[in-house]
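Read the structure below first, then the notes.
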Amino acid sequence: MTIRLKTESDIKTLREGGERHAEILGLLAAMVEPGISTLTLEEEALRLIREKGDKPAHLGYTPRGADRPFPAALCISINDEIVHGIPNEVPKVLNQGDIVSIDLSLIHKGLITDSAITVGVGAIDDESRELLNVTKRALEAGIAAAKPGNHIGDIGAAITSKVKESPFSLAKDLVGHGVGFAIHEDPYVPNMGNKGQGEKLVPGMVIAIEPMLNVGKGDIKLDRDGYTIRTKDGSRSAHFEHTVAITEEGPLVLTLGK
Ligand code: MG
184 MTIRLKTESD IKTLREGGER HAEILGLLAA MVEPGISTLT LEEEALRLIR
234 EKGDKPAHLG YTPRGADRPF PAALCISIND EIVHGIPNEV PKVLNQGDIV
284 SIDLSLIHKG LITDSAITVG VGAIDDESRE LLNVTKRALE AGIAAAKPGN
334 HIGDIGAAIT SKVKESPFSL AKDLVGHGVG FAIHEDPYVP NMGNKGQGEK
384 LVPGMVIAIE PMLNVGKGDI KLDRDGYTIR TKDGSRSAHF EHTVAITEEG
434 PLVLTLGK
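Residues in the sequence shown are numbered consecutively from 184, following the numbering used here.
In structure tokens, the structure reads:
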């Protein structure tokens, strides 16, 4: 395991990219409405990313275990799709009542931030709204635990305890990760954990924290496209993610708007 710490100057650049990142996700979220295609969101994302000289990190990236590069800038995952849905190969039209996760990795001045949101398409049912709320609160709890002196396991423990107060389940086998110089760096940041276990958090670490919650069970399955991960039981799933720097003062969320 090699954890590559970031300097104050790196973190400043990541924060600058993170502000733009939040802006782009906000603009895309505002476009979500019944009848819009995932391809339209993908094309608008590329335009917004390139407009300010930044680059999409997912496009052309081949993660470990995959047999081909990811073909898009965004991962768009609808309803029972948890993560890594492909928006442009077989574009899908969003329907009233769907929930849709938009996950973006942005390269700004050579450094990478990672963030995801889940939004409702028009009016959504109470259960879906609660799923989004609990997932957001689980992310906030994980972020609050990301302070120097704590361990990676404290983040997962905080996320798990929030989820346990709800009827929902954490998606199994999917984890957060170090980020900044590459899309996926050490350490892994599991959403399930025990206090005091795993690497110690020290200033300069930059990690993506990303709880994924399913309405039903936590089991997952991979689609034939080799990327899209779904809930095994077909229930809905939500995903919220921020890139967070560990600083002397505590967690600094890099992918927040101004
Ligand atoms: Mg991530």
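Each residue gets a CB set at the ideal place from its N, CA and C atoms; glycine is no exception.
Source: prediction; values computed, not measured.
Please classify residue i as buried or exposed, where buried requires at least 16 neighbouring CB atoms within 10 angstroms.
i    : result
P350 : exposed
S192 : exposed
L437 : buried
P394 : buried
K441 : exposed
L210 : exposed
S149 : Outside the shown range of the chain, which is 184 to 441, sits residue 149, and nothing can be said about it.
M388 : buried
A255 : buried
P239 : buried
D281 : buried
L208 : buried
Using only alpha-carbon positions, find the residue among the options that is nearest to residue i.
i    : options                : result
L231 : I269, L188, L289, F253 : L289
K189 : D402, L439, V362, V398 : V362
Y410 : R187, N262, H267, E234 : H267
T196 : L294, P217, H367       : L294
D402 : V389, K355, A421       : K355
K400 : Y371, I265, D297, H241 : I265
F364 : L242, V385, T296, A249 : T296
I390 : A421, K415, L322, N397 : L322
L384 : N397, H360, E348       : H360
V346 : P274, P331, N397       : N397
E431 : L357, D408, K319, A329 : A329
L357 : S344, P373, D369       : P373
C258 : G248, P246, V273, H241 : H241
L314 : D237, K235, H422, K404 : H422
S260 : T185, R320, A213, T221 : T221
Y371 : L287, E348, G336, I194 : G336
L287 : E225, R247, A324, R413 : E225
K319 : S420, I429, R187       : S420
E348 : N316, P331, E272       : N316
I429 : E272, D309, N333, S344 : N333
Go through its chain and collect everything with a Cβ distance to residue i's Cβ below 7 Å, but skip five positions before and after it.
i    : result
I326 : I392, H425, V427, P434, V436
V215 : L277, V283, V302, V304
G244 : This sequence places Tyr at residue 244; Gly is not what is there. P252, F253, I366, listed in sequence order.
D417 : The amino acid at residue 417 is misidentified as Asp; the sequence shows Gly. If we look at G417 and ignore the five residues flanking it on each side, its Cβ neighbours are D263.
I269 : P254, A255, D408, Y410, T411
L405 : I412
Measure from the C-beta of residue i to each C-beta in chain C and report whether the shortest distance is under 7 Å.
i    : result
E199 : This model lacks chain C altogether; it includes just one protein chain.
Go through its chain and collect everything with a Cβ distance to residue i's Cβ below 8 Å, but skip five positions before and after it.
i    : result
R312 : G303
L439 : G201, E202, A205, H425
E199 : H291, K292
A212 : I285, I300, V302
A306 : Q279, G280
Which same chain residues end up closer than 6 Å to residue i when comparing Cβ atoms and leaving out the 5 residues on each side of it in sequence?
i    : result
S352 : N397, K400, G401
I219 : L277
K275 : T221
T185 : D369
I'd like to confirm something about residue i: is its beta-carbon nearer than 6 Å to some heavy atom of ligand 3, or not?
i    : result
D297 : This structure lacks ligand 3; its bound ligands are ligand 1.
Cβ pair count under 8 Å reaching 3, the stretch 336–348 against the stretch 372–379: yes
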